[in-house]
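Asks:
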Amino acid sequence: RTRLDMFLDEEGREEIGKHIKPVDPLKFKDTKKYKDRIVLAQKQTKENDALVVMKGRLKGNDIVVAAFDFKFMGGSMGSVVGERFVRGVNKSFELGIPYIVFTSSGGARMQESLFSLFQMAKTSAALTKLSDAGIPYISFMTDPTMGGVSASLAMLGDINVAEPNALIGFAGPRVIEQTVREKLPEGFQRSEFLQEHGAIDMIVDRREMRDKISSVLTLLMAGRAKASVSVAPTSMTVEAEEVVENHSDQA
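Using our numbering, read the sequence shown as starting at 1 and increasing by one per residue.
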């Protein structure tokens, strides 16, 4: 929620799916009952679950934006996270406005077992609605973005952005090294390494995210406008133009 406060204009905010709350259909218990973990996380974060979704404005332009809260059970994706994310997709599709997600997650929520893994397919499938309609979807990965979140919604952006030095991947580097019995390259799974190898498009410091994401969105929305519509020239950053052009060439 703090990130959304930094990112969105102050006026015109509307939270989506706030009333949806987690349940414990499996009556799961490890060292603690799952329902007790939920209650503790809710008390610590003042949130119902690990994803907050809002309709708002970025520099006067309507958008839908979602943000993971890593403090809520490691930002893990369970049924509520998946449902809220999809409702954000639906609102974006309904209004024809861009969708942006800030990820910070350890992956699928194991206490929900297959219910949590279903969310990988659910969120990925929902995003095809935006793709088919030509509505921009930007994924902004923060530290860390791992597991089932990285293997689904986080890597499906029209533009994939990351913060500097963010850890992004499926399994952690130590797990990989123990599996393949090899030493991984320096900086492996960090955002700079991923950009160098073509896995992400941009690295943006959070202090610049409003300006740069706004520039990219202006370009993407202008690109989907009909030829008969006159698009007013805007002052874009050279970096944003190059990212969009290169991404289009690769596609």
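A virtual CB, placed ideally from N, CA and C, is assigned to each residue, including glycine.
Distance check for G75 and Q42, CA to CA, integer angstroms please.
Replies: Using only the alpha carbons, I get a separation of about 12 Å.
Asks: Beta-carbon within less than 7 Å of T142's beta-carbon, same chain only, minus the 5 sequence neighbours each way: which residues are those?
Replies: Answer for T142: F102, T103, S104, E163, A166, listed in chain order.
Asks: Reducing DSSP to helix, strand and coil, say where M120 ends up.
Replies: Note: M120 maps to helix in three-state DSSP.
Asks: Considering only C-alpha positions, which residue in the set K122, V64, T123, K71 is nearest to G96?
Replies: The option with the nearest alpha carbon to G96 is V64.
Asks: Taking 7 Å as the cut-off, decide whether the C-beta atoms of R87 and G17 are in contact.
Replies: Yes. Within cutoff.
Asks: Leaving out five residues on either side along the sequence, give the residues of the same chain with a beta carbon under 6 Å from the beta carbon of S139.
Replies: Within the same chain, S139 has close Cβ partners V101, A154, G157, N160.
Asks: For P185, which residues from the same chain have a beta carbon less than 8 Å from its beta carbon, with the 5 sequence-adjacent residues on both sides left out?
Replies: Excluding residues within five positions, the ones whose Cβ falls inside 8 Å are F193.
Asks: Please list, in chain order, all residues of the same chain as I200 whose beta carbon is under 6 Å from its beta carbon, the five residues on each side excluded.
Replies: Cβ neighbours of I200 beyond the five flanking positions: N160, A162, L194.
Asks: So E14 packs on K46, CB below 8 Å; how close in whole Å?
Replies: Not confirmed; about 19 Å, so no contact.
Asks: If you follow the alpha helix (DSSP H) that S150 is part of, which residue opens it and which one closes it?
Replies: That run of the alpha helix (DSSP H) goes 147-150.
Asks: By how many angstroms is the C-alpha of F115 removed from the C-alpha of A108?
Replies: Those two C-alpha atoms are separated by around 9 Å.
Asks: Tell me the DSSP secondary structure of N160 in three-state form.
Replies: Residue state, collapsed to three classes: strand.
Asks: If we define contact as Cβ-Cβ less than 7 Å, is Q178 a contact residue for chain D?
Replies: Absent from the structure: chain D. Only one protein chain is present.
Asks: On the criterion of 16 or more Cβ atoms from any shown chain inside 10 Å, does A261 qualify as buried, or is it exposed?
Replies: Nothing about residue 261 can be reported from this structure: the residues present for the chain run from 1 to 251 only.
Asks: Have a look at R57 and M110 and give me their C-alpha separation to the nearest angstrom.
Replies: So the two alpha carbons sit approximately 34 Å from each other.
Asks: Give the single residue among E94, V39, M120, F170 whose Cα lies nearest to the Cα of A133.
Replies: The candidate whose alpha carbon is nearest that of A133 is E94.
Asks: Assign G187 to one of three DSSP states: helix, strand, or coil.
Replies: If DSSP states are grouped into helix, strand and coil, G187 belongs with coil.
Asks: Leaving out five residues before and five after F72 in sequence, what residues of the same chain have Cβ atoms less than 6 Å from its Cβ?
Replies: Around F72: A41, T45, E47, A50.
Asks: Taking 7 Å as the threshold (C-beta atoms), are P22 and I38 in contact?
Replies: Taking 7 Å as the Cβ cut-off, I38 and P22 qualify as a contacting pair.
Asks: Just the Cα atoms here: how many angstroms apart are R1 and V204?
Replies: If I take the Cα positions, the gap works out to 19 Å.
Asks: By DSSP, does P144 sit in helix, in strand, or in coil?
Replies: In this structure, P144 counts as strand in the three-state DSSP scheme.
Asks: Work out the CA separation of Y34 and R206 for me, nearest whole Å.
Replies: Using only the alpha carbons, I get a separation of about 33 Å.
Asks: CB-CB under 7 Å to T128, same chain, minus the five flanking residues each way: which ones, in chain order?
Replies: Excluding positions up to five away in sequence, the list is empty.
Asks: Alpha carbon to alpha carbon, how far is N256 from M202?
Replies: Outside the shown range of the chain, which is 1 to 251, sits residue 256, and nothing can be said about it.
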